[in-house]
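Numbering (the working numbering), first residue to last: 88 to 234.
Quick reminder that beta carbons are idealized off the backbone N, C-alpha and C, glycines included.
One structure below.
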């Protein structure tokens, strides 16, 4: 027993379980035991699941990565993108003389890349597709330099 307050002994947490035993039957929902069986069975794991998961960075992954976002990375942070991939499908398309990079990312849904891009603002500019800025809520203040 712990020290008491005003003469009343305090119980240890492990003693509370002995005094008030858990009653599973009283807490279980009767609807769960009456759930009908559908007859559907799990067929198995898809063969390409490992490859799909390796190509994903978060919960917004799909087998088909048909969307591409092109981004201009500022020279001040370009070394981070050269050192390691920020997204599994990152590909450096161009390294400019000023040290900036043009990088592309492929994904199945724009939500897959949104948070990564947001974390690099204001050091990135989305070059295309242009509706990604509006759709993803990204607002980068810099404009890409003219070639």
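Check	Outcome
Around the Cβ of residue 109, are there at least 16 other Cβ atoms within 10 angstroms (buried) or fewer (exposed)?	Bear in mind that a pLDDT of 49 at residue 109, under 50, signals an unreliable position, so the number given afterwards is only what the model happens to contain. Per the 10 Å Cβ criterion, exposed.
Can you find the residues in the same chain that come closer than 7 Å, C-beta to C-beta, to residue 194, ignoring five residues on each side of it along the sequence?	152, 154, 176 and 200
Using alpha carbons as the reference points, say which of 196, 191, 165 and 170 lies closest to residue 184.	165
Can you tell me whether residue 187 is buried or exposed, with buried defined as 16 or more other CB within 10 angstroms of its CB?	buried
Secondary structure at residue 151, three-state DSSP: helix, strand or coil?	coil
Residue 124 by DSSP, collapsed to three states: which one?	coil
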